[in-house]
Amino acid sequence: MIAYALIFAFACYCAALLFNLYRVVKAPGVTDRVLALDTMAINAIALIVLFGIYEGTALFFEASILYAMTGFVATVAFAKFILRGDIIE
Amino acid sequence: MELIWDIVISAFLVIGGIFGFVGSLGLVKLPDPMTRLHAPTKAATVGVGSVLIASMIWFAVKQDHLSLHELIVTVFIFLTAPVTAHFISKANIFRDWPADKLPRPAGEGEWAVHQSDADTSKEELAGEQETEATQQD
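Below is the structure:
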């Protein structure tokens, strides 16, 4: 049963990543692109955790923590650049 | 007992998958930027949260060790999601909303994004340097 639920969750998050990719490529404004990139990072974290369950190792949590941190810093840097035209003033 | 845990883990996985999917579908379908900002927060909190809970129960039941790594990821995402949402909405106000279209804020002053001198750190730094100079004299 867990195997089927895992496949379902994988399919959902892969479709979600495709939607985000569409939004990154074809967005009405630049803030939508930043938002889509942020959502992509979060969906990638979920995919890494799902892959950890699939493989049965706890090895991938460090990868997901790193992804969460770099995704947060990247989003804040993008938004700061849009707001002030500079990242570190 | 094994079957109950299987059902619980599968339910959390399915809920997480559905919420992640709906969050990104809202990102594509919703009409304007501020409503689009609202959709992915569901994917960030409930979606990733229940996937992480499922992973925690899975490692506790199947491999007999309680891993707390997931809690770190959950806390980090729950702490950073409001900050990123605030930054993105601020950037959106700055780019797409001219000052005369926005409602007036209560009290004195304008919206901080439209105030060129909203950053008060320069004056504070200057004041600190002055006090240091007077202390040296």
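Line by line, the protein sequences are chains A and B. Residues 1 to 89 in this note's numbering are what the first sequence spells out, letter by letter. Residues 1001 to 1137 in this note's numbering are what the second sequence spells out, letter by letter. Don't be surprised by glycine CBs; every beta carbon is placed ideally from N, CA and C.
message = So, at 8 angstroms on beta carbons, what are the nonlocal neighbours of Ile45 of chain A in its own chain, with the 5 sequence-adjacent residues on each side left out?
response = Ser64, Tyr67, Ala68, Gly71
message = With three or more C-beta pairs closer than 8 angstroms as the rule, is the segment 1038–1045 of chain B touching the segment 1019–1027 of chain B?
response = Counting C-beta pairs closer than 8 angstroms gives three or more between the segment 1019–1027 of chain B and the segment 1038–1045 of chain B, which meets the contact rule.
query = Is the segment 45–62 of chain A close to the segment 19–32 of chain A, with three or more CB pairs under 8 angstroms?
reply = Under the three-pair Cβ rule at 8 angstroms, the segment 45–62 of chain A does not count as touching the segment 19–32 of chain A.
request  = Tell me whether Glu953 of chain B is buried or exposed, calling it buried when 16 or more other Cβ atoms sit within 10 Å of its Cβ.
outcome  = The shown model of chain B, from 1001 to 1137, leaves out residue 953 of chain B, and the question about it has no answer.
query = Using 7 angstroms as the limit for Cβ to Cβ distance, is His1069 of chain B near chain E?
reply = The chain labelled as chain E is not found among the protein chains of the depicted structure, namely A and B.
query = Nearest to Val1073 of chain B by CA position, among B:Asp1064, B:Ser1010, B:Ser1055, is which residue?
reply = B:Ser1055
query = For Thr1080 of chain B, does the count of other Cβ atoms within 10 angstroms reach 16, so buried, or fall short, so exposed?
reply = Result: buried.
inquiry  = Quick check on DSSP: helix, strand or coil for Ile974 of chain B?
reply    = Because chain B in this structure spans residues 1001 to 1137, residue 974 of chain B falls outside the shown range and cannot be described.
inquiry  = For Thr75 of chain A and Ala1126 of chain B, I'd like the C-alpha separation in whole angstroms.
reply    = 31 angstroms
request  = For Ala1126 of chain B, go through chain A and note every residue whose CB falls closer than 8 angstroms to its CB, in chain order.
outcome  = Under the 8 angstroms cutoff, chain A gives no residues; its nearest Cβ is about 15 angstroms from Ala1126 of chain B.
query = In whole angstroms, what separates the C-alpha of Thr1045 of chain B from that of Asn1092 of chain B?
reply = Roughly 22 angstroms between the two C-alpha positions.
query = Per the contact definition of three or more C-beta pairs closer than 8 angstroms, is the segment 1001–1016 of chain B in contact with the segment 1098–1113 of chain B?
reply = no
ask   = Counting only beta-carbon atoms, is Phe1021 of chain B nearer than 7 angstroms to chain A?
value = yes
task = Output the distance between the C-alpha atoms of Thr39 of chain A and Glu1124 of chain B, rounded to the nearest integer angstrom.
result = 37 angstroms
message = Please report the straight-line C-alpha distance between Lys1029 of chain B and His1065 of chain B, rounded to a whole angstrom.
response = 42 angstroms
key: Counted within 10 angstroms of its Cβ, other Cβ atoms place Thr1084 of chain B as buried (16 or more) or exposed   = buried
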